[in-house]
Each structure stands twice: as structure tokens, then as C-alpha cells.
Amino acid sequence: MLTNLQQQPADALLALIKLHNDDPRADKIDLGVGVYRTGQGETPVFGAIKAAEKKLVETQDSKAYLGPEGDMGFVHALMPYIFGKANPDMDGRIVGMQTPGGTGSLRLALAMAQRAGVKRIIVGKPSWPNHNQICKDLGLEVFEFNHAGEDGKVDMDALRSALAAGGEGDAVLLHGCCHNPTGIDYAPADWDEIAAILAKSAVLPIIDLAYQGLGQGMEEDAYGLRRVLGAVSEALVCYSCDKNFGLYRDRVGALYAVAKDPAELGAIMSNGHALARANWSQPPDHGGAAVRVVLEDETLTAQWLDELDQMRERMRQVRARLAEAGKTGGVDLTALGSQNGLFSIIPFTPDQVQAMRKEHGIYFAGSGRINVAGLTTGNIEKFIAAVAQVTG
Ligand code: LMR
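FYI, the numbering for the sequence shown is 1 to 392, going by UniProt numbering.
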């Protein structure tokens, strides 16, 4: 029976981890999978998380099951940051549950939407490859529109037409901030317009917020999400703490549902719980509990926000240096200075991607997506010189 299974290609992004690890060159550079790195090229555990973990070890008195919704203290503690301190549950219209990372949240959101009658997901192109992969696995149709134009700006015309053509049975999957893979985000005025369009549309908004705090700031990065939620009657929000709390391998995420009427939330979330039970039963606890401990403690919260500010500031400096390099060989890096988050795309040809790997030991996705956090004071000049040589 099992011999019927066909060989599957390795996930292209995750395969980069091994390709880079296997390269013996000491000056190799990893710009592949999206993890933050310090100026020394390290991905340390946040100080606030270390302190919270210590506290957890000392005080946790049980590891008994919590249920499919996970740690609801964690789920609630995040809400003021995501939905705003003034009215974090929008008058009782929002309920959430913990999920294994942003991927777990997306899996549940898309499966719940499907149960509700959604058949087609409208998504910008390019998007994080796992978006399409999950849709495909669930048997959902994907309708793609152009995320950004040749000019490096968001293609609002493409989004307008995609939404105009959508209706009942459709959902739109939007990146809340730090667009993965392009780094090209909607401006506040674009979000105002998107919210106004969605207010009049039957298309269900699903917002993926996986990088809050890594773009312009915690509040700024939530602008689009809050505008949309303020305008529509229903939505799903997929949240990840993997990047903004540095908890990658602990898989820490949450799914929130926004309903027209608080009375509908019980039925809506019972589907999330049932789907979780069938997929992973209950989410892993440790990372979510550590986030809760941070957010319940004012000092640790301030420490976490400070660490997040430093990460964002470092990425801004890397982006500023790339922008300053400007025209480099056959490509122009100027736009990277105004893009957001960990990722940007440099228009390398497939041959150039291979040349960067083989000749220079520089690893990034075949799409030309680089993780700017992989660039440090020690390797950024080598990277710029390699880009000039390979594309020139
Ligand atoms: C990425 O895009 O590199 C990250 O979101 C990590 C992942 O799981 O793909």
C-alpha cells in the first residue's frame, strides 16, 4: 500500500536550512528561512522569554491537558496588542484559541472558512508558499491577483478587481504587515480603501499577522487589521508569535474569529475546537505560556518591547545600507530601504540564484526572496559585491 506514495519534493524554503548547513565555507551567508539574526548573526532567545521560562519552571504546578483551545490566558493577553487597548474584544465580538504557530492558525482558519461554505481563496501573488500549499491540501480553489506592480508598489488596481469579482463563497487572504515575500505593504490610505471595499462585499477577510512589530511598530503594524475589522461584520485573524517573540520552534500562534453578533461565537469556535482535535488535539503549551508570563508582567513586557524595537532598528539599518548601494550590477536595491519586515525580493534569474549559492555561498529562496536579517555588518559588503558580480 505505502509503495503507492510518490516521492514529494522537499519544501523549498525549509530545504535551504540544510543546503546552507552542508556548505563548508566559513563565509557562507544564510538569507533563507525567516528567522531574525543579530548583527553577530545569532538568533538568541529573547531576554524577556528566558526570564519568563525561568518563572514558568519555578511556578508551573501541572502539565495536565488544557483542551483544544490551549492557554486562554495567552490568547487574551495578546488581544490588546492586536485589536487595540481601547476595546480588545470589540464589545465581545472576538474570541480566540491557541494554535501551533501561524501555520496551525492558517490551517484552522481556512478549514473553518471551508466548513462555512468558502470555496475560493483570493490571494496576492506572490505570497508565502505555504498559503497556497494549505489551500491546495484542503481542496480550496486559489484565485491570484498581482500583489505588486513592476514599479515596486502595491497593485491596488489588481486587488480592487479581484475583490470586485469576488462574492459569497470567497475569502481574501491578506498579509497584515511585513508582506512575505516582497516586503511591500499596503499604506494606511490603501487599508482605508480595502476596509471600505470589504465593508460592502460578501468576501470573508482572513488576515495573516505573522510579523507584528517587525515593520513599523506594534501599533502601526496593526493599522490595516484594525481598519478592516472596524468595517466588516465577520473576519478571521491568524496570528504568529514565532517571530516577534523569537519562539520559532516552539510553534506559538493564535486564531481569532470576529462575528457580527457575540451570540454566534460559540458555534463558530466550536468548529475551530473540533478541527484542532482532529488535527493536533491540543496545541503545545510551553511557548504560549512563556508569552503569557511576559505579557502579565509589566517589567517583562517592557523588556520584550525594547528587544523588539532593537530588532526592527537593526533591520532598518540593513535596509538603509542596501538602499544606499542603489544600482548594483544589473539590479537596483533602492526600494529595499522602504520595504518592511524580514523579506524583500531581488529580481535574480534562476541562474543567478544558483551562481550566488555556488560561487559565493549565499543562500536564499529561488524566488529571489532574501531574509534581510541574515545580513550583518560582517557580511553585508560581501553580499553587495556578490550581487554586483553575479547580476552585472
Ligand atoms: C518563512 O517564510 O521563511 C517563514 O515564515 C518560515 C516558514 O515556515 O516558512
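Note that the Cβ used here is the ideal one computed from N, Cα and C, for glycine as well.
Cβ of residue i versus every heavy atom of the ligand LMR: is any distance shorter than 6 angstroms?
i           : result
residue 353 : no
residue 33  : yes
residue 340 : no
residue 180 : yes
residue 13  : yes
Would residue i pass as a contact of residue j if the rule is Cβ separation under 7 angstroms?
i           : j           : result
residue 247 : residue 109 : no
residue 123 : residue 154 : no
residue 266 : residue 71  : no
residue 292 : residue 101 : no
residue 148 : residue 184 : yes
residue 271 : residue 29  : no
residue 394 : residue 391 : Residue 394 falls outside the range modelled here, since the chain spans only 1 to 392, and no answer is possible.
residue 14  : residue 363 : no
residue 202 : residue 167 : yes
residue 301 : residue 388 : no
residue 238 : residue 105 : yes
residue 5   : residue 33  : no
residue 97  : residue 88  : no
residue 197 : residue 173 : no
residue 232 : residue 199 : yes
Based on Cα-Cα distance, which residue from the options lies nearest to residue i?
i           : options               : result
residue 217 : 121, 340 and 281      : 340
residue 77  : 298, 316, 179 and 342 : 298
residue 41  : 50, 54, 48 and 26     : 26
residue 134 : 61, 112 and 169       : 112
residue 308 : 356, 273, 388 and 212 : 212
residue 39  : 376, 125, 128 and 259 : 376
residue 158 : 125, 168 and 182      : 125
residue 103 : 303, 21 and 280       : 280
residue 145 : 189, 169 and 120      : 120
residue 47  : 303, 345 and 373      : 303
residue 54  : 290, 317, 372 and 324 : 290
residue 314 : 330, 331, 342 and 326 : 342
residue 372 : 69, 276 and 182       : 182
residue 136 : 107, 187 and 152      : 107
residue 227 : 190, 261 and 262      : 190
residue 45  : 283, 249, 360 and 21  : 249
residue 360 : 7, 11 and 31          : 31
residue 85  : 263, 223, 368 and 367 : 223
residue 316 : 326, 331, 330 and 338 : 338
residue 358 : 22, 165, 152 and 367  : 22
residue 115 : 132, 131, 130 and 138 : 138
residue 11  : 131, 186 and 83       : 131
residue 386 : 8, 263 and 331        : 331
residue 75  : 7, 253 and 326        : 253
residue 368 : 348, 150, 192 and 9   : 348
residue 156 : 381, 186 and 236      : 186
Round the Cβ separation of residue i and residue j to the nearest angstrom and send it over; I've been treating them as touching at under 8 angstroms.
i           : j           : result
residue 81  : residue 311 : That belief does not hold up - the Cβ atoms of residue 81 and residue 311 are roughly 16 angstroms apart, past 8 angstroms.
residue 336 : residue 319 : 5 angstroms
residue 209 : residue 241 : Wrong, their Cβ atoms sit about 10 angstroms apart, outside the cutoff.
residue 420 : residue 322 : Examination of residue 420 is not possible in this model, given that the chain is present from 1 through 392 alone.
residue 95  : residue 257 : 6 angstroms
residue 346 : residue 384 : Between residue 384 and residue 346 the Cβ distance is about 11 angstroms, and since that is not below 8 angstroms, they are no contact.
residue 68  : residue 286 : Residue 68 to residue 286, Cβ: 17 angstroms. No contact.
residue 171 : residue 204 : 4 angstroms
residue 283 : residue 43  : At roughly 22 angstroms, the Cβ-Cβ gap does not stay under 8 angstroms, so residue 283 and residue 43 are not in contact.
residue 260 : residue 219 : Going by Cβ atoms, the distance from residue 260 to residue 219 rounds to 26 angstroms, so no, they are not a contact pair.
Run the CB neighbour count on residue i, radius 10 Å, all protein chains shown included, and call it buried at 16 or more, exposed below.
i           : result
residue 52  : buried
residue 244 : buried
residue 402 : No statement about residue 402 is possible, as the shown extent of the chain runs from 1 to 392 and does not include it.
residue 1   : exposed
residue 24  : exposed
residue 57  : exposed
residue 161 : exposed
residue 65  : exposed
residue 180 : buried
residue 221 : buried
residue 374 : buried
residue 62  : exposed
residue 93  : buried
residue 278 : exposed
residue 326 : exposed
residue 276 : buried
residue 195 : buried
Using a Cβ cut-off of 7 angstroms (strictly closer), state whether residue i contacts chain C.
i           : result
residue 323 : Among the protein chains of the structure shown there is no chain C, as only one such chain exists.
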